[in-house]
Structure formats: structure tokens, C-alpha cells
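For the sequence shown, this note's numbering assigns the number 5 to the initial residue and increments by one for each residue that follows. Glycine included, every Cβ here is placed at the ideal spot set by N, Cα and C. To start, the structure itself, in C-alpha cells.
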Amino acid sequence: MSQAKNEEHAPEQTGDSARMPLPELRRQFRQLETSPDGLSQEEAQRRLDRYGYNELAERRIGPVLKFLGYFWGPIPWMIEIAAALSAAVQRWEDFGIIFSLLLINAIVGFWQEYKADNAIALLKQRLALTARVRRDGQWRDLPARELVPGDIAQIQLGDVIPADVRLFEGAYLSVDQSALTGESLPVEKKAGDAAYSGSVAKLGAMRAVVTATGMRTYFGKTARLVQRAGKVSHFQHAVLRIGNFLILSTLALVALILVVALFRHDSPVETLLFVLILIVAAIPVALPAVLSVTLAVGAERLARMQAIVSRLVSIEEMAGMDILCCDKTGTLTKNELTLGEPVVFETKDETDLILAAALASQEASKDTIDTAVFRGLTDPARLRDYTVSGFRPFDPVGKHTEAEVVHGEERFRVAKGAPQVILDMAEPDAELRRSVRERVDALAGKGYRTLGVARTDTEGRWRFLGLLPLFDPPRDDSADTIREALGEAIEIKMITGDHSAIAREIAARVGLRQNILAADRVFGNGAPDKTAVIERTDGFAQVFPEHKFEIVKTLQAQGHIVGMTGDGVNDAPALKQADVGIAVSGATNAARAAADLVLTAPGLSVITRAVEEARRIFERMNSYAIYRITETIRVLLFMTLSILVFHFYPVTAVMIVILALLNDFPIMMIAYDNAPVALRPVRWDMHRVLVVAGLLGGIGVVFTFGLFWILEEYLCLSRDFIQTVIFLKLLVAGHLTIYLARNTGAIWQRPYPGLKLFLTTEATQIVGTLAAVYGWFVKPIGWTYALAVWGYALAEFLLTSPMKIMAYRLIEHRAEFQARHLERVHRPMHSSGG
């Protein structure tokens with residue numbers, strides 16, 4: 005039997021086609037070349053050799069190659085070049101510092117990925133460990149990984165189903181497959197039905213023929229989707245663009261310096277050394293570290309909110325998240341059956357109706373329906389007055405439970421089950437039958453599953469007491485969370501494996517719109533353009549893992565930053581593919597491993613707080629990006645023009661190293677700065693970043709040349725004295741630029757700078773001032789010139805601030821003009837289309 009032939013027997017992916025007539029079942033036995041007596045051990049071994057073990061295959065990059073990958077890329081290349089240059093001129097201290105930074109960045113990145121990238125391994129743990137299999141005409145307990153297509157397996161209460169199977173013998177089986185399909189209620193199976201690997205048998209016992217194993221199972225398809233899922237974050241794109249801009253700018257100016265030095269016949273060693281220091285000062289050696297610290301501080305704050313971050317860059321993604329695909333079962337709802345408002349017919353009140361249903365239930369059975377009934381009792385102590393002398397459990401033929409009860413001298417029977425079955429037992433008149441049918445239909449339209457309850461009277465005749473609606477209720481905080489998310493301009497789309505009617509009812513209860521479509525209307529044959537449908541639809545019902553995965557990918561392809569919440573194995577592929585995968589409290593290990601954010605407290609309220617924190621973190625990173633590019637332009641452009649125009653090195657190599665060192669302390673404190681919370685999702689706007697940074701950097705170059713001109717032409721100071729003055733000006737004005745870069749308005753507007761940022765910035769400015777005044781590693785200039793430099797830098801700071809505000813206003817005006825222009829262009833098209 006070929007592999008292709010085996011793939012024909014993979015489980016069908018819709019509820020309707022999972023049920024097969026018995027003639028089809030016999031045909032499948034023939035196709036699988038097996039019988040109810042099972043396979044021989046020899047045949048099983050041949051099939052094992054052909055199809056492989058019943059386990060999930062993995063595609064993993066070796067740890068060595070994965071670690072080495074962190075040394076590959078534009079920013080690592082520049083750091084490596086700087087390290088090589090320092091070794092070439094035997095500057096071993098610089099080499100050690102630069103190489104250590106590179107190594108630390110690689111170790112941190114590797115460790116984060118190692119912790120987060122184990123979804124497949126945890127999916128494997130979900131599979132059954134052993135299986136009861138018929139081999140050589142005898143029943144044996146074998147490792148589940150040794151199952152092959154055609155094996156005959158026994159499945160009973162409590163078993164994890166070891167492979168995809170077709171049931172063929174036994175009364176019935178109740179299967180919990182919520183972790184696979186998202187259905188909130190156990191599914192009743194009978195002969196001819198399919199059951200999926202990884203689901204759990206809750207009631208009954210049946211025999212089954214194995215139809216698919218390993219990666220060909222429904223479970224395996226989910227694992228394959230997890231392997232396929234993946235994305236490059238917007239944060240990583242932004243870091244690369246910032247790094248590329250700084251690298252290209254540095255290379256261009258360094259090349260210019262080298263060419264001029266060559267024509268001037270400058271000392272090659274001196275030129276090379278200065279170029280090395282210039283590269284170290286200009287390229288973003290600390291960029292990954294600074295941004296990682298910012299994200300790590302944010303992750304620590306989120307952890308205090310009971311949200312564990314497994315992928316740091318997902319924090320930045322959360323700041324830009326504009327669509328949240330929200331799983332229903334276990335996420336918006338409690339994933340537990342609850343009684344709705346009972347409908348009373350032939351009993352005095354709801355209390356007696358629920359009491360009768362409880363007497364027809366077994367608390368020890370752990371059946372989800374029985375559990376819901378017992379939770380609905382207002383006074384459980386009343387049960388002690390009754391004695392159940394006989395009990396008939398549920399079976400798929402009778403479709404009800406029945407109990408004989410003794411209450412003092414009174415003896416009677418109670419029953420609960422399918423409403424039509426219970427109603428027939430009571431032999432009602434036409435009016436009662438019509439009334440019950442109308443109420444059942446009305447409840448079904450709202451997504452309720454109903455139970456009928458009956459009791460015998462003193463003459464032994466059955467009386468139809470009423471109906472008990474059952475549903476999976478929303479979490480207590482779901483409605484408030486959704487309201488807050490909508491207030492943060494995040495669109496919510498519900499995704500569930502349940503029926504459309506249930507989805508609409510829950511949507512109405514939690515405040516979502518009810519434009520919900522079944523998956524087959526979106527992904528089925530003849531469905532309209534799915535991209536447009538997915539974007540405008542508010543929710544999707546009866547979905548499978550591949551549908552969730554496709555929904556997320558489609559939205560991402562349209563430029564959306566997509567979040568996805570979930571708790572089951574069926575959610576794992578979409579959680580991993582989403583820009584922000586969120587595993588809710590109580591999620592399976594596979595969902596947690598695939599997610600970027602793991603909630604450890606019930607409910608979703610932490611998500612809105614996490615979004616607010618993420619938007620603050622984004623503002624901090626944006627501030628750092630503007631500051632870092634500004635400083636590169638200010639220092640590199642000024643030094644390059646000084647060398648080319650005046651043939652003068654405005655600062656020494658030692659000054660550049662001190663400047664870079666003193667700059668590192670305050671920029672690390674940006675991670676602790678106070679930052680505003682945007683009202684809408686935020687994204688990297690590199691045009692805006694470069695324009696603002698270019699303006700701030702350009703103004704800084706002009707003011708620095710102005711100071712140099714005053715010192716050189718009017719005061720006629722020595723070049724080494726001028727170098728110290730320029731060093732102090734670059735330090736003081738550069739640190740003040742941090743305050744300019746951190747907001748879009750005036751410097752005195754809220755939020756004010758964080759205390760850690762302010763103290764660190766001022767402390768490093770004072771240290772640099774003392775170094776310039778008293779001549780630590782530089783020529784001393786005294787307090788008079790030092791205070792004059794402070795006054796000059798403050799004047800530059802105050803004059804630059806209104807220019808920055810004007811630049812932001814022009815950028816916003818330009819964006820509004822473009823938006824209005826696009827609206828005018830598209831309006832006629834929409835009008836004509838109507």
C-alpha cells in the first residue's frame with residue numbers, strides 16, 4: 005500500500021463528512037487491508053517501516069547553526085569589521101569591548117528563541133503514551149508511537165485517542181475534542197464516525213480502526229501548520245532599517261575621509277585608528293542591547309500584571325496591534341456548561357425542576373452536563389432527603405438518564421435527556437407538544453442546548469416538568485475587556501469551532517457585532533473573495549485550525565498587525581503565525597509554547613493593560629531611535645566636515661571613547677522613562693524618524709560649527725584647547741537632545757522625564773564637565789569656558805525645541821493632506837460602485 009494511498013484515509017475536515025455509512029466503513033477496511041481481528045505483527049512491522057512512527061516529525065536547525073546565525077546580518081557585520089580593525093591596529097581593549105557586546109547580543113537572542121521555539125515538542129506530549137491494540141488475534145498494550153494504519157484499537161473512558169480512527173463496534177463514545185476543534189461540548193460518536201488523535205474519551209467504550217498516524221493525522225496537520233507559521237516582526241524590520249541607515253551613512257563618510265587622507269598623504273596608521281574610533285562611535289553597536297533592555301523592562305512590568313512574555317519583540321508588535329482575533333471557547337467564555345434560565349411546564353417552580361434533573365444525574369460521573377445541573381442547585385442539601393435506589397445511565401439509543409427515587413413513603417422516577425425523547429415519555433397533548441417545540445427552537449436559535457426533564461406522578465404517569473437550557477457563559481470580564489479594546493481602536497474578531505448561533509449569542513452578550521459567518525461560507529468551494537470577506541466580517545464559526553491560520557495570514561497580508569488569543573492545540577498554528585499570539589489562562593502546553601504572551605490569570609482584562617504598556621514601550625524605543633540617529637549625524641557629519649574642510653580633527657580618539665561611554669548610561673535609562681499612551685495603534689514611521697532626527701542633527705552641526713568658528717577666529721585659541729571645548733559641547737548638547745527626542749511637544753509638557761533618566765543624564769553631564777574643567781584625559785579648560793559651553797548648549801536646546809514642534813506639525817499636516825487626497829480619489833469609485 006503506497007503512502008499516497010494512506011493519505012487518502014486522513015480524517016475528513018468537516019463535521020458532516022466525519023460520519024460515514026456502514027457500507028463505506030466496510031470499504032475502508034478493504035482499502036486498509038485489515039479486518040476486525042487486526043493485523044499480524046509482521047504486517048504491522050512492514051507498515052511501520054513504510055509509514056514511520058506515529059509521532060510528530062520535527063524540522064529543527066542545530067543549536068550551533070542557530071547560534072552562529074546571530075553573527076550574520078548588517079549590524080553584526082559592522083560590529084565584526086570594527087573588531088577586526090581594532091585587532092589590526094592592536095587596540096586590544098577596544099577589541100575586547102566590541103567583541104563582548106557582539107557575543108552578549110548573540111547569547112541573549114539565542115536564549116530567548118530557545119525558550120520560545122518548543123511548540124512541536126510540547127505538542128508531542130499531548131499524544132497518548134500507550135494504546136490497547138489487537139495484534140495476532142490478541143489484545144496488547146503497545147506504545148502509541150508503534151500504531152500503524154489498519155490497526156484495531158480499543159478506546160474507552162479516560163483514554164487519549166492515539167491516532168485518527170474510524171469507530172466500528174460498540175454502543176457509543178462521548179469524546180472531548182475541544183482542544184482540537186474548539187467545540188465547547190463533548191461530541192457523541194457511534195459506529196461509522198471518525199475520532200481524532202489527541203481528543204479524550206469521556207464516556208463509553210468502542211473499537212476503532214486506525215486510519216492515519218503521525219503527521220497525516222488531524223493532529224499532525226496542526227503540528228505542520230505550527231512548523232509553517234512564522235513571521236519577521238515589524239520591530240526587527242525597524243531595527244534593520246535604522247541600522248542600515250547608520251551603517252550606510254557611516255561607510256559613505258568614512259570612505260570620503262579615507263580618500264581625502266590618501267591624497268593628503270596622512271599617516272595610514274593614524275587615519276585607520278581614527279576611522280576605527282569613528283565607526284565605533286557612529287554605528288549602533290549598542291542598538292540591540294538598548295532596545296532589548298527597553299523590552300525586558302516592559303516584560304518585567306507585564307509579568308507583574310500576570311502576563312508572561314516569551315518573545316520580547318512581541319511587546320512592540322502589541323503596540324501596533326489593530327486587529328485581535330479572539331477565540332471563543334475558554335477565552336471569551338468559561339469553557340464550562342452552565343444552566344440558563346429554566347422553562348417550567350408541569351412543576352411549581354424552577355427549584356423543583358432543577359432538583360428533579362439532579363436526581364437523574366450522577367455527581368461522581370464527572371459528566372459535563374451532570375456537573376452543570378448540580379451547580380445549578382440553589383440548595384444542594386435537599387438531595388439528602390432523597391435516596392436513589394436505581395439508576396440507568398445515558399445511552400445513545402434511549403438518549404436519556406433515568407433514576408428510581410425514594411422520598412419517605414413516596415416512590416417515583418425521574419428522567420432527563422433529549423427534549424423530544426422526554427416529551428414522548430409524557431405522552432403530551434398537541435398544545436404542550438407545540439409549546440415545547442417552539443421553546444426548544446427559540447433556545448436553539450440563541451445557541452442553547454436543551455435538556456428535557458420529567459417525573460412520574462402518584463399514578464406512575466410521566467409528567468413533562470420543563471426544559472433546562474445549557475450554554476458556555478462568557479467570562480465575567482469579557483464585556484469590559486472588549487469595550488476597553490474597542491476604545492483603544494483595536495478591532496475584535498471572534499473565532500470559534502462552535503455553531504454560528506452560539507457564536508452570535510455570545511457576541512451579543514459581550515458587546516461584539518454579530519456579523520458572523522460559518523467557515524465553509526468563507527473557505528468553501530464557490531466562496532467569494534475571501535480577503536474582502538475576512539476583513540469586513542466580525543467573526544467566524546465552525547472553523548478548523550487551518551481556517552484560523554489562514555484568517556491570520558490573510559489579515560497580515562493586508563497590512564494589519566494581528567493578535568490572536570487561544571487556549572487549545574487547535575489554536576497553536578494561528579498563535580504562532582500571529583504578530584502577537586496570546587495564550588489565555590489554563591491553555592494547553594502547545595498553545596503556551598506557540599504564543600508570545602501567556603496570561604497566568606483568568607480573563608482577558610490584562611490584555612488592554614498590556615497594550616497600554618506596549619504603547620509606552622514603543623514611545624521609548626522611538627525616542628531612542630530618533631536620539632541615536634541624531635547623535636550619529638551630529639558627531640559624524642561635524643567631524644567629517646572638519647577633517648575635509650579644515651584638515652582638523654575636532655576631537656581626539658580618547659574623547660570619542662569617553663563621549664560614547666558617557667552616552668551609554670542615559671540612553672539605557674530611556675527604558676525607565678515616562679512615556680505617553682497613544683489612543684490608537686502605533687507603528688514605526690521611518691520617514692518621520694529620519695526627518696526629525698535629520699533636523700535635530702543638522703541644527704546640532706550648525707551650532708557646533710558656530711562654536712568652532714568663534715573659538716578659532718575670534719578667540720584664537722589653540723587647537724587642543726578647542727578640542728576639549730568641542731568635546732564638552734557635544735556631550736552637553738547631546739544629552740539635552742534626549743529631552744528633545746522623547747516627545748513631540750514642548751519640553752515642559754507632560755509626561756515629564758522619568759527620575760532615573762533625569763538623574764543619570766545630569767550626572768554624566770557633570771562628570772564630563774569635571775573631566776573638561778580639570779583635564780581628565782583631555783586638556784583642561786577651567787570653569788569659565790565650561791560654563792560658557794553650558795550656556796551655549798542651553799541656548800541651542802531652547803532654539804531647537806520650537807523648530808522640532810514645527811517639524812512635527814508639518815509632518816502631521818502632510819499626513820492629513822495625503823489622507824484627504826486618498827479619500828477624494830476613492831470616493832467617486834465607491835459612489836459609482838453603489
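Mind checking whether residue i and residue j have CB atoms under 8 angstroms apart?
| i | j | result |
| --- | --- | --- |
| GLY570 | ASP331 | yes |
| VAL658 | PHE781 | yes |
| THR382 | VAL409 | no |
| PRO473 | GLY380 | no |
| GLN46 | GLY154 | Looking at the sequence provided, one finds Glu at residue 46 rather than Gln. Against a cut-off of 8 angstroms, the Cβ pair of GLY154 and GLU46 comes out as no contact. |
| ILE674 | LEU744 | no |
| MET219 | GLY174 | no |
| HIS564 | ILE327 | yes |
| ARG513 | THR460 | no |
| ILE165 | GLY42 | no |
| THR485 | SER609 | yes |
| ASN678 | PRO755 | yes |
| ILE510 | VAL526 | no |
| GLU350 | LEU469 | yes |
| LEU601 | ALA311 | yes |
| VAL377 | ALA361 | yes |
| ARG144 | VAL152 | no |
| PRO680 | ILE742 | no |
By a C-beta neighbour count over all protein chains shown, 10 Å radius and 16 as the cutoff for buried, is residue i buried or exposed?
| i | result |
| --- | --- |
| MET807 | exposed |
| ALA132 | Summary for ALA132: the model assigns pLDDT 45, below 50, so the residue's position carries little reliability; its value from the coordinates is reported in the next sentence. Buried, since its Cβ has 16 or more Cβ neighbours within 10 Å. |
| MET810 | exposed |
| ASN10 | Confidence in ASN10 is poor, its pLDDT being 35 and thus under 50, which makes the residue's placement unreliable; the coordinate value appears in the next sentence. It counts as buried. |
| ARG824 | exposed |
| LYS352 | exposed |
| HIS739 | buried |
| LEU774 | exposed |
| TRP752 | exposed |
| LYS119 | Here the model assigns LYS119 a pLDDT of 46, short of 50, so the residue's position is not dependable, and the following value carries that caveat. It counts as exposed. |
| THR768 | buried |
| GLY421 | buried |
| ARG818 | exposed |
| CYS329 | buried |
| GLU766 | exposed |
| THR372 | buried |
What span of residues does the alpha helix (DSSP H) with residue i cover, start to end?
| i | result |
| --- | --- |
| PHE398 | From DSSP, PHE398 is part of no alpha helix (DSSP H); its letter is neither H nor E. |
| MET219 | Element bounds for MET219: n/a, residue is neither H nor E. |
| LYS193 | Note, LYS193: premise wrong, no alpha helix (DSSP H); beta strand (DSSP E) at 191-193. |
| TRP143 | No alpha helix (DSSP H) contains TRP143, which is instead part of the beta strand (DSSP E) from 142-147. |
| ARG379 | 372-379 |
| VAL514 | 504-514 |
| ARG479 | No alpha helix (DSSP H) holds ARG479; DSSP gives it neither H nor E. |
| GLN727 | 723-745 |
| LYS70 | 67-72 |
| ARG620 | 609-636 |
| ALA48 | 45-55 |
| VAL695 | 690-713 |
With respect to the beta strand (DSSP E) encompassing residue i, which residues constitute its N-terminal and C-terminal limits?
| i | result |
| --- | --- |
| THR460 | 453-460 |
| PRO473 | 466-475 |
| PRO346 | First-last for PRO346: undefined, no H or E at that position. |
| VAL169 | 168-173 |
| SER439 | Run containing SER439: none in the beta strand (DSSP E); it sits in the alpha helix (DSSP H), 434-449. |
| GLU495 | 495-499 |
| VAL313 | 311-313 |
| VAL137 | 134-139 |
| GLY4 | Nothing can be reported for residue 4, as the shown portion of the chain is limited to 5 through 838. |
| ALA157 | 156-160 |
Does at least one heavy atom of the ligand MG sit under 7 angstroms from the Cβ of residue i?
| i | result |
| --- | --- |
| GLY501 | Although the ligand MG was asked about, the structure shown includes no ligands whatsoever. |
Cβ contact (3+ pairs, closer than 8 angstroms) linking the stretch 634-649 and the stretch 581-595: no
Segment contact, 8 angstroms Cβ cut-off, at least three pairs: the stretch 531-548 with the stretch 349-367: no
Sufficient close CB pairs (3 or more, under 8 angstroms) joining the stretch 258-270 to the stretch 648-663: yes
Completely contained alpha helix (DSSP H) runs for the stretch 755-780, where each covers 4 or more residues: 759-778
Continuous beta strand (DSSP E) assignments of at least 3 residues falling wholly in the stretch 519-594: 520-522, 543-545, 566-570, 584-587
The stretch 438-457 contacting the stretch 492-506, beta-carbon criterion three pairs below 8 angstroms: yes
Completely contained alpha helix (DSSP H) runs for the stretch 648-677, where each covers 4 or more residues: 657-672
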